[in-house]
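Have a look at the structure below before the remarks.
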């Protein structure tokens with residue numbers, strides 16, 4: 298997230314477009330890099346909290362079918 302921030306801000310500043318004729322804007326797509334990794338970090342935190350709760354005895358382990 299940290300290293301992609303500058304490239305994404307630059308892309309929004311110049312409103313980067315695809316070089317193809319009638320090309321789509323690239324800056325909204327590049328913004329999804331930060332959004333997707335942010336969601337991945339949140340999921341990792343959620344899994345860590347859930348596993349800690351199971352380890353500490355607050356939750357029962359889920360049984361697989």
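Numbering (this note's numbering), first residue to last: 298 to 362. Here a beta-carbon is modelled for each residue, glycine too, at the ideal position from N, C-alpha and C.
Rounded to whole angstroms, residue 325 and residue 353 show a C-alpha spacing of 42 Å. A direct Cα-Cα distance of roughly 28 Å separates residue 329 from residue 348.
Judged by DSSP in its simplified three-state form, residue 322 adopts strand. Three or more pairs of CB atoms, one per stretch, sit closer than 8 Å, so the segment 298-311 contacts the segment 329-339.
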